[in-house]
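To start, the structure itself, in structure tokens.
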Amino acid sequence: MSNGKFDAQSHNQMVETTLDLLEAVAEDETISQRGLAERLGVALGLTNAVLKRCAKKGMLKIKQVPAKRYAYYLTPHGFAEKSRLTAEYLSHSLQFYRTARHEYDEAFRYCATRGWRRVVLIGATELAEIASLATAGTDVQIVGILDPGRNVAAFCNIPVFQSLESVPSPNRPNAAIVTDMTNPQLAFDKLTALMPDDRVLAPKFMRLTRPSGEK
């Protein structure tokens, strides 16, 4: 059963992390693991795992240098793989964008046909940016974004709220659309406990499970 973390996006994130690591090593062979982790914006443990994976696949050579540190060298295969991953990342990014845009277009059209004119997004993420573009051509308005983890007043010029109850009464939403990327299933489940589950929508690529067991 899917846990809501869509496979294509997870794969693309790993491609991006690997590509960023190879680029960092190509620029600075003496960079530390901690420095790599900070540059990649990931945990030290994940950085270590990706380094070992790249070395195992022949993309990197790891050598110990003085002061109990390591130097990382990109192999010819590593340079070739960096070029390949760049092309793959761009291809996946464009494909994912098209898929997301199409499915959010469908979600907003669905809301429009049912007279749900005020919609709230769940998650201030890149998906929220894509979803905000999908309102074009409809009379549906995004009245806010619910994201208790974001301490910001607005995202993409859309107000951000900590909870459904904090949305001002005149703008109370008729429906919600999931744009969370960390744990969309959890975000979906929380909202279906606060409003009718048929009014909480999610794009198909998230593979979320409804309370009834339907996807």
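Under the numbering used here, residues 7 to 221 are what the sequence shown spells out, in order. Each residue gets a CB set at the ideal place from its N, CA and C atoms; glycine is no exception. As the structure is a computational prediction, the values presented were derived from the model and not from experiment.
- Here Ala134 really is in contact with Cys162; their C-beta atoms are around 6 Å apart, less than 8 Å.
- When the Cα atoms are used, Gly51 and Val146 turn out to be separated by approximately 44 Å.
- DSSP places Leu100 within a helical segment (H, G or I) once states are collapsed to three.
- DSSP, reduced to helix, strand and coil, places Val56 within a helical segment of the structure shown.
- Between Arg59 and Thr81, the C-beta gap is not smaller than 9 Å, which leaves the two residues out of contact.
- For Arg75, the enclosing beta strand (DSSP E) starts and ends at Arg75 to Leu80.
- Going by beta carbons, Gly84 and Leu28 fall inside the 9 Å limit.
- Ranked by Cα distance from Arg213, the first of Ala106, Glu35, Gln101 and Tyr95 is Ala106.
- Contact annotation, Val173 with Val206: C-beta distance approximately 15 Å; criterion of less than 8 Å not satisfied.
- In this chain, the alpha helix (DSSP H) harbouring Ala43 covers Gln39 to Leu46.
- Counting along the chain, the unbroken alpha helix (DSSP H) around Leu197 starts and ends at Pro190 to Thr198.
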